[in-house]
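Mapping of the sequence shown onto the working numbering: position 111 corresponds to residue 273, and the numbering continues sequentially without gaps.
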Amino acid sequence: MRENKTYYKKKIYLVLFIATLMFGLHGLYEYYKVKIDDPLQLLSAILYGTIKLFLFVSPVSAEDKTSIFYEVAKWMAPILTSTFVFTKISNTLLHLKNIMFNKLSTNHILVFEDSFMGETLINNLINGKNAYKISLISKKFIDDNLKSKYEKKGIATYQIDFENSDVNEIKELFSTVNINNVKHMFFCSDVDLENYALYTNVIKRIKPKRHITCYVKCESNTVSAYIEDMLSLERQKEEKLKKIDTVHFDETDLSIRMLMSDKCVSEIISNNLEKLSHIGENISAELIDENIRKTHILIIGINELTLTLLKHIANDMTISLKDNTKVSIMDVDAQQHMDKLLFDNEGLKKALDIEVIDLGYKKGLLQEHLRSIKNDDLSLIFLMNEDVVKSLKDLKLLNRYFENVPKIIRNVSNIDLSHILPKNYDKIRIFGDVSQIMTEDVMIREALDNRAKQFNESYNKSSEAAGMGEGKKWNELSYVKKTSSRSSAAHDRVKEEIVRKVLADKTQEKTEAYLHKKFEEFTSLQESRKDNKEEFRRQFCKYLKDAPLLDFLSRLEHKRWCNSYYAMNFRYGEKKDENLKTHPCLIDDWEIIIGEKFEICHPEYDLLSVFTLFKKED
163 MRENKTYYKK KIYLVLFIAT LMFGLHGLYE YYKVKIDDPL QLLSAILYGT IKLFLFVSPV
223 SAEDKTSIFY EVAKWMAPIL TSTFVFTKIS NTLLHLKNIM FNKLSTNHIL VFEDSFMGET
283 LINNLINGKN AYKISLISKK FIDDNLKSKY EKKGIATYQI DFENSDVNEI KELFSTVNIN
343 NVKHMFFCSD VDLENYALYT NVIKRIKPKR HITCYVKCES NTVSAYIEDM LSLERQKEEK
403 LKKIDTVHFD ETDLSIRMLM SDKCVSEIIS NNLEKLSHIG ENISAELIDE NIRKTHILII
463 GINELTLTLL KHIANDMTIS LKDNTKVSIM DVDAQQHMDK LLFDNEGLKK ALDIEVIDLG
523 YKKGLLQEHL RSIKNDDLSL IFLMNEDVVK SLKDLKLLNR YFENVPKIIR NVSNIDLSHI
583 LPKNYDKIRI FGDVSQIMTE DVMIREALDN RAKQFNESYN KSSEAAGMGE GKKWNELSYV
643 KKTSSRSSAA HDRVKEEIVR KVLADKTQEK TEAYLHKKFE EFTSLQESRK DNKEEFRRQF
703 CKYLKDAPLL DFLSRLEHKR WCNSYYAMNF RYGEKKDENL KTHPCLIDDW EIIIGEKFEI
763 CHPEYDLLSV FTLFKKED
């Protein structure tokens, strides 16, 4: 009942209005029929008198005798008019209040388009940990009830069609929302090209006064490329647009990103690194690698999520120098599906150890394959079929062989499965609802971006100290380089866990002090590069040999970097070229990187990612 309060309120108003109208017409007819003989004049008097009732003017003198119907209408009509007028006035005042508070807030967010994802994002941000002020700008009509509901929650709503609006209208809107001082902008139309048009209309008209992050829903890589090209061209005309940072997102990427940040994945990584706590002080990069258990992931079901999932696994779950993460993929016609999937993504074959298991159509093949791998040390199982009933059926079978292995199940049915899950439900993660991904932690991911920016800042300082120029600021980086830095930041938890395990006898304060000390040593070591590059290379190699933990982490970062570029479908080439997707440092042999390719690949930058670990967020 409470959820439908607005609906019932509208119905009550409608019933009262119709009743008042009928009473007024009947009462005035009874009054005028004895005074007016002409039918046309009678009708005119009745209609005119009824209108006057709603305008707070009684058409009949107080001393004249009228029917009970007229008396009821005489009181009800002005009450209904007052309710309507006061509602409009209160809504207007509420809108003005929201405009003022939003305009002055440093946490002001703009959401473009009243889509399902936009509405879900707004509701999640309202209930989130940060006190965001939100304004909704939509091309589509927003009905009064929804507008009123938003305004009562503090969300200022605006309706404008950029393509068909006057320049002054758009300027007035941008001034009203103080667009140059907002914190984030979200472009949430369901159609990529509409988001491109919205983004273009905004970018071409603003002059940001602070850093603004724009989140653009875009599933097409082609449209994403056009967005980046357009921004690059506009920055040449307007210097202030360098304060704009653009993040492209889609439902698939957000879902997989959420899964990869889940605690069950962190626990898997921690369990596979458990032996590192016991290797003692006489360590080497090779010894660390030998004590890391290989990660093996089982995926059942190939669909639109598979490629994105594989790309994230290739980056986020790189924990070993020698072994790639093993991924077993099962489905009917799995080989045919994977051949199509990997045709334009050959790099994933280098980044992952992919095993494809074709289930065919013969009954019992899944059970047969599970029986054949029951002795494998599985780390995690993904049940990715859209048909959740099929996944639940597979879950029963999987629990016979891998009851204690964490499982992640896709559920797009919007039906709560908690009451039908087996007894080990604490090891089962359900996902598939849009409300799970349109959240501050998944969408805005400030902690991740801050780490990526810290790495870029360290990179620039190191480059400058070595006499190789200042480097580019974060917002001036290409989208590929930003993606690479974010991928490096996402991998920090792996490196941090390795450091904790290897230095298990040290407190976090001592660990941070150790890393700070090694960073100071590295900074002073860089001075030698300016005078003698070969001497710097020799000293750097000795520096890593004397610090085997840093040596291992630098190698691991290079392997992760290679995997992330393989996942973006880059290949080895003599020149860096983001359009042709070639890079001269896509070399798996670390000895070549710290040897003949040292001056090209700069392995010291792999080490820099280690020094950004354990950084506290502002």
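Ideal placement from N, C-alpha and C gives every residue a C-beta, glycine not left out.
Pick from the options that is closest to residue i, judged by C-alpha positions
i      : options                           : result
GLU782 : ILE445, ILE450, ASP424 and LYS425 : No answer is possible for residue 782: it lies beyond the span of the chain, which begins at 163 and ends at 780.
ILE571 : LEU542, CYS763, ARG562 and ILE599 : LEU542
ARG607 : ASN307, THR375, LYS315 and PHE702 : THR375
LYS227 : ASP200, LEU190 and TYR312         : LEU190
GLU758 : ARG699, ILE577 and ALA729         : ARG699
THR470 : LEU202, LYS195 and ASN731         : ASN731
LEU715 : GLU659, PRO221 and LYS558         : GLU659
THR268 : ASN343, GLN616, THR243 and ILE582 : ASN343
ILE296 : ALA666, LEU272, LYS704 and LEU308 : LEU272
ARG455 : THR254, ASP538 and ILE180         : ASP538
HIS270 : SER277, MET279, ILE284 and ASP276 : ILE284
TYR294 : ALA318, LEU438 and VAL329         : ALA318
GLU275 : LEU687, PHE324 and LEU202         : PHE324
ALA224 : ASP200, SER277 and TYR193         : TYR193
ARG655 : TYR621, LYS634, GLU281 and ALA609 : ALA609
VAL567 : LYS345, VAL574 and LEU559         : LEU559
ILE755 : ASN434, VAL772, LYS743 and ASP713 : ASP713
PHE773 : LEU504, LEU298 and THR673         : THR673
LYS589 : GLU452, CYS426 and LYS552         : CYS426
SER434 : ALA709, ILE198, LYS663 and TYR727 : Reading off the sequence shown, one finds Asn at residue 434, where the question assumed Ser. Of ALA709, ILE198, LYS663 and TYR727, the residue nearest in Cα terms is LYS663.
Paired residues, beta bridge with residue i - DSSP
i      : result
LYS569 : ILE543 and ILE590
VAL273 : LEU298 and PHE348
ALA318 : SER297
ARG733 : THR744
ASP768 : Answer is none; ASP768 lacks a bridge partner.
ILE374 : ILE406
Under the three-state DSSP convention, the category residue i falls into
i      : result
HIS410 : strand
CYS380 : coil
LEU460 : strand
ASP739 : strand
GLY280 : helix
THR254 : helix
GLU753 : helix
ASN285 : helix
SER417 : helix
SER423 : coil
ARG397 : helix
GLN574 : First, the residue type needs correcting, since residue 574 is Val and not Gln in the sequence shown. Three-state result, VAL574: coil.
THR243 : helix
ASN622 : helix
MET163 : Confidence is the limiting factor: at MET163 the pLDDT is only 42, short of 50, which leaves the residue's position unreliable and the question unanswerable from this model.
VAL329 : helix
ASP713 : helix
SER337 : helix
THR470 : helix
LYS437 : helix
VAL790 : Here the chain has residues from 163 to 780 only, and residue 790 is not among them.
ARG367 : coil
ILE454 : coil
ASP556 : helix
VAL353 : coil
SER446 : coil
GLU548 : coil
SER310 : helix
SER726 : helix
message: Does the contact criterion of 3 or more C-beta pairs under 8 angstroms hold for the region 393 to 407 versus the region 497 to 510?
response: no
- prompt: At what residue ranges does the region 485 to 535 contain a whole run of the alpha helix (DSSP H), taking only runs of 4 or more?
  reply: 496 to 505, 509 to 513 and 527 to 534
message: Would the region 444 to 463 count as touching the region 492 to 502 if we require 3 or more Cβ pairs under 8 angstroms?
response: yes
task: Quick one: which unbroken alpha helix (DSSP H) runs of 4-plus residues sit fully inside the region 633 to 704? Chain order, please.
output: 641 to 652, 654 to 664 and 670 to 693
query: Which runs of the alpha helix (DSSP H) fall wholly inside the region 184 to 235 and span at least 4 residues, in chain order?
result: 201 to 216
field: Any 3 or more C-beta pairs closer than 8 angstroms across the region 381 to 395 and the region 340 to 355
entry: yes
message: For the region 646 to 653 against the region 684 to 699, do three or more pairs of beta-carbon atoms, one drawn from each stretch, fall closer than 8 angstroms, so that the two count as touching?
response: no
Meets three-Cβ-pair contact criterion under 8 angstroms: the region 176 to 193 and the region 228 to 238: Between the region 176 to 193 and the region 228 to 238, the count of C-beta pairs closer than 8 angstroms reaches three or more; the two stretches touch.
field: Cβ contact (3+ pairs, closer than 8 angstroms) linking the region 725 to 743 and the region 614 to 621
entry: Here the region 725 to 743 makes no contact with the region 614 to 621; the two share fewer than three CB pairs at distances below 8 angstroms.
query: Between the region 417 to 431 and the region 674 to 683, do at least 3 Cβ pairs fall closer than 8 angstroms?
result: Taking 8 angstroms as the limit for Cβ pairs, the verdict is that the region 674 to 683 does not touch the region 417 to 431.
- prompt: Per the contact definition of three or more C-beta pairs closer than 8 angstroms, is the region 512 to 530 in contact with the region 734 to 746?
  reply: no
Touch test, the region 309 to 318 against the region 356 to 367, Cβ-Cβ under 8 angstroms, three pairs minimum: no
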